[in-house]
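Novice: In order, the protein sequence lines correspond to chains A and B. My numbering puts the first residue of the first sequence at 1, with every later residue one more than the last. My numbering puts the first residue of the second sequence at 1001, with every later residue one more than the last. For each residue, glycine too, the CB sits at the ideal point set by N, CA and C. So that we are looking at the same thing, I have put the structure below in structure tokens.
Number of protein chains: 2
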Amino acid sequence: MKIAILGTGRVGSTLGRRWAAAGHEIVFGSRDPSGEKARAVAGDAGSSATAASVPEAATGADVVVLATPWSQAETIMQSIGGAAGQIVVDCINPLNDTFSGLDLGFTESCAERIAAWAPQARVVKAFNSVSSATMADPVYDGQQATLFVCGDDDDARNTVIELGDQIDFESVDAGPLKNARYLEPLAMLYIHLAMNGWGSNCAFKILKR
Amino acid sequence: MKIAILGTGRVGSTLGRRWAAAGHEIVFGSRDPSGEKARAVAGDAGSSATAASVPEAATGADVVVLATPWSQAETIMQSIGGAAGQIVVDCINPLNDTFSGLDLGFTESCAERIAAWAPQARVVKAFNSVSSATMADPVYDGQQATLFVCGDDDDARNTVIELGDQIDFESVDAGPLKNARYLEPLAMLYIHLAMNGWGSNCAFKILKR
């Protein structure tokens, strides 16, 4: 396939290099008029990769990969004529200006509302994105499922982390209570998968090296 | 510790049983005036587990586990006096009435906005919740990182799944494009972890059995 990579940062350059190695025709598109960065990443990606302007790169591509900052996304989409009929892979996270959260999408969580109802309680979000089948046995073929735990009170959060560890989870400190805004959607992803063929005997894990 | 489990469904009963086995004192609290369900799950959880009304269960507990439906959460918190000073573990997902999404928190995603800008493009969300270090090599000690892929066009989504597989991800069909509302917060969780000690060489995987 011909794949246009729009964006020459770490995500775009890495995906382009790997797909070039897998045999695809890669064109890096850059907004930089000199084309210098796009030529550099194309050079790194191997002989099947080339560089072009954004509209040129997108023209005729089977797949257009959007790997730009969120602030540039609308302009880029306009500059490629809306990519009519093309597959557009959106790799963007709509981070706000301070990178402290998402610019759109969500503003609240169940956990924060509970904390608002009970301001003297030390609320911790946990166990919401694992099935009861996983709670019954969090060890999958020798590997522990990850338990994400967030809360504003350090002692409370650490206690729940310990409670997770005691029943064989690999508990992970997921930060302040407002991160329930991430853990509740994570549960929705799990629920979607469980209801679409994965069932209840599946769980998230963080791999590390 | 004395742990009050509020809710006698699968989550509450499973956690209570496991923490009872780990040596904790468990009290199941139920809103059912007969107390029948709470006694049944306490019986299953072993000799250290008992049953009580919700306020009785919460009284004096070190940890209060909220494992009720979202619709009952506010009433439960009121009935236990706001759990002042207690650790409250929120296991709830604020599902809407039809279980098709969350009742609060988010309403949009970057991917959907891109699709609105480019209604003729076949937008697929992917590669947003994996680091470039993972893209460079998605295999962690023999295990493939999971790539979540969502989009409304089957052919486009399947193409991106294949593109993920070609560079050694375990690509997973994560459903329609609106599920970007889950994948974008997932990326925020990853970013939080990466910036708090985990670094870029970590990735999500779904364990299954």
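Please report how far the alpha carbon of residue 1007 of chain B lies from the alpha carbon of residue 1143 of chain B, in whole angstroms.
Specialist: Residue 1007 of chain B and residue 1143 of chain B: Cα-Cα distance of roughly 37 Å.
Novice: Could you check how far apart the C-beta atoms of residue 1081 of chain B and residue 1057 of chain B are, in whole angstroms? I think they sit under 8 Å.
Specialist: About 13 Å separates the two Cβ atoms, so there is no contact after all.
Novice: Is there at least one Cβ from chain B nearer than 8 Å to residue 14 of chain A's Cβ?
Specialist: yes
Novice: Along the chain, where does the alpha helix (DSSP H) that runs through residue 1157 of chain B open and close?
Specialist: 1154–1166
Novice: Can you find a C-beta in chain A that's less than 8 Å from the C-beta of residue 1029 of chain B?
Specialist: Not closer than 8 Å to any Cβ of chain A, the Cβ of residue 1029 of chain B fails to qualify, so no.
Novice: Mind listing which residues of the stretch 1066–1088 of chain B have their C-beta closer than 9 Å to chain A's C-betas, in chain order?
Specialist: 1066, 1067, 1070, 1073, 1074, 1077, 1078, 1080, 1081, 1082, 1083, 1084, 1085, 1086, 1087 and 1088
Novice: Thinking C-alpha only, which one of B/1112, B/1037, B/1204 and B/1047 is nearest residue 1018 of chain B?
Specialist: B/1047
Novice: Under the DSSP definition of a beta bridge, which residues are partnered with residue 6 of chain A?
Specialist: A/29 and A/66
Novice: May I ask you to verify whether the stretch 177–196 of chain A touches the stretch 111–129 of chain A, counting CB pairs closer than 8 Å and requiring at least 3?
Specialist: yes
Novice: Tell me where the alpha helix (DSSP H) around residue 114 of chain A begins and ends.
Specialist: 110–117
Novice: Check whether the stretch 1189–1199 of chain B and the stretch 1114–1127 of chain B touch, using three or more Cβ-Cβ pairs below 8 Å as the test.
Specialist: no
Novice: Counting only C-beta atoms, is residue 1207 of chain B closer than 8 Å to chain A at any point?
Specialist: yes
Novice: With 8 Å as the threshold, decide whether the Cβ of residue 159 of chain A is near any Cβ in chain B.
Specialist: The beta carbon of residue 159 of chain A falls within 8 Å of a beta carbon belonging to chain B, placing the residue at that interface.
Novice: Are the C-beta atoms of residue 125 of chain A and some chain B residue less than 8 Å apart?
Specialist: Yes, contact with chain B.
Novice: Of all the CB atoms in chain B, is at least one closer than 8 Å to the CB of residue 185 of chain A?
Specialist: Proximity of residue 185 of chain A to chain B, defined by a Cβ-Cβ separation below 8 Å, is satisfied.
Novice: Report the neighbours of residue 1167 of chain B on chain A: residues whose CB is nearer than 7 Å to its CB, in chain order.
Specialist: 18, 19 and 22
Novice: So which residues on chain B does residue 26 of chain A lean against when the C-beta distance must stay under 7 Å?
Specialist: Here the premise fails: no neighbours, minimum Cβ distance about 12 Å.
Novice: If residue 161 of chain A and residue 149 of chain A are in contact, beta carbons under 8 Å, what's the gap, nearest whole angstrom?
Specialist: 5 Å
Novice: So does the stretch 129–148 of chain A actually touch the stretch 198–208 of chain A, counting three or more Cβ pairs closer than 8 Å?
Specialist: With a cut-off of 8 Å, the stretch 198–208 of chain A and the stretch 129–148 of chain A count as touching, because enough Cβ pairs lie within range.
Novice: Secondary structure at residue 143 of chain A, three-state DSSP: helix, strand or coil?
Specialist: strand
Novice: According to the neighbour-count rule (16 or more other Cβ atoms, all chains shown, within 10 Å of its Cβ), is residue 1068 of chain B buried or exposed?
Specialist: buried
Novice: Let me confirm a value: residue 157 of chain A is counted as buried when at least 16 other C-beta atoms fall within 10 Å, else exposed. Which label applies?
Specialist: buried
Novice: Using a beta-carbon distance below 8 Å, is residue 52 of chain A in contact with chain B?
Specialist: no
Novice: Compare the C-beta of residue 175 of chain A with all C-beta atoms of chain B and state if any pair is closer than 8 Å.
Specialist: yes
Novice: Taking C-beta pairs closer than 9 Å, name the residues in chain A that residue 1114 of chain B reaches, listed in chain order.
Specialist: 66, 73, 74, 77, 88, 90 and 92
Novice: Check each candidate in B/1199, B/1065 and B/1163 and name the one with the smallest Cα separation from residue 1090 of chain B.
Specialist: B/1065
Novice: Under a CB-based cut-off of 8 Å, is residue 1189 of chain B close to chain A?
Specialist: yes
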